[in-house]
Amino acid sequence: MYGVFVRVPAERSQRKAFLQARSYVEDRLRLEDKNEKQERLLMSLLPRNVAMEMKEDFLKPPERIFHKIYIQRHDNVSILFADIVGFTGLASQCTAQELVKLLNELFSKFDVQPRRPAQPACLWTQRGPGQMAGGREFAD
1 MYGVFVRVPA ERSQRKAFLQ ARSYVEDRLR LEDKNEKQER LLMSLLPRNV AMEMKEDFLK
61 PPERIFHKIY IQRHDNVSIL FADIVGFTGL ASQCTAQELV KLLNELFSKF DVQPRRPAQP
121 ACLWTQRGPG QMAGGREFAD
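Per our numbering, the sequence shown starts with residue 1, numbered consecutively.
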């Protein structure tokens, strides 16, 4: 009788506690894996010093309503984000060297210096107009 009234409920509560602890450990491992993936992504997109500064700032308790804006000024710099239609199919049909050569030729066309004063340009994309700013200034 002792086993039915004491041991069985104790066994159930121990198993329940074990399963909860196991669930917490699994969740913690998933969270750590997700954080590592996010950090690798951040490091692959941004310079290391900027990524580390952002990471440190996000780990601190917020001092204000909005997060810090990470802006650095660089003269004569343009940033181009492009979505190349059919790129996946093209990439599967070319060798890596051919693809790099093709992309180099494509993006080098954006480096050609026009003979007019620098001005912001409107770049039409698949999803509508986008801004391309930071043109070069020329002295004739």
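By construction, the Cβ of each residue, glycine as well, lies at the ideal position given by its N, Cα and C atoms.
It should be emphasised that the depicted structure is a prediction, and the values quoted were computed from it without experimental measurement.
Q. Do L99 and A91 have their C-beta atoms within less than 7 Å of each other?
A. Here residue 99 is taken as the residue at index 99 of the sequence shown, counted from 1. Here residue 91 is taken as the residue at index 91 of the sequence shown, counted from 1. For L99 and A91, yes; Cβs fall inside 7 Å.
Q | Presumed contact (8 Å Cβ cut-off) between K55 and E39, rounded CB distance | A | Here the question's residue 55 lines up with position 55 in the sequence shown. Here the question's residue 39 lines up with position 39 in the sequence shown. Contact flag correct, Cβ pair sits at about 7 Å.
Q. From V50 to R64, what does the alpha carbon distance come to, in whole angstroms?
A. Against the sequence shown, residue 50 aligns to sequence position 50. Against the sequence shown, residue 64 aligns to sequence position 64. Distance between the alpha carbons of V50 and R64 is about 20 Å.
Q | Distance between T95 and D218 (C-alpha atoms, nearest Å) | A | As displayed, the chain neither begins before 1 nor continues past 140, which places residue 218 out of reach and without an answer.
Q. How long is the line joining the alpha carbons of L42 and I69, rounded to whole angstroms?
A. Here the question's residue 42 lines up with position 42 in the sequence shown. Here the question's residue 69 lines up with position 69 in the sequence shown. Roughly 16 Å between the two C-alpha positions.
Q) Apart from the five residues just before and just after F58, which ones in its own chain have a Cβ nearer than 8 Å to its Cβ? A) In the sequence shown, the residue the question calls residue 58 occupies position 58. Here the set comprises H67.
(Q) Quick check: what's the CA-CA separation for V8 versus A21? (A) Locating residue 8 in the sequence shown gives position 8, where the first residue counts as 1. Locating residue 21 in the sequence shown gives position 21, where the first residue counts as 1. Between the alpha carbons of V8 and A21 lies a distance of about 20 Å.
**Q.** C-alpha distance - F87 paired with K109, whole-angstrom precision
**A.** Within the sequence shown, the letter at position 87 stands for residue 87. Within the sequence shown, the letter at position 109 stands for residue 109. Cα to Cα, the separation comes out at about 18 Å.
Q: Could you spell out the range, first to last residue, of the alpha helix (DSSP H) harbouring F18?
A: For this step, residue 18 is matched to residue 18 along the sequence shown. 8–45 is the extent of the alpha helix (DSSP H) around F18.
Q. Which same chain residues, not among the five before or five after E53, have their C-beta less than 8 Å away from its C-beta?
A. Mapped onto the sequence shown, residue 53 falls at position 53. Excluding residues within five positions, the ones whose Cβ falls inside 8 Å are Y70.
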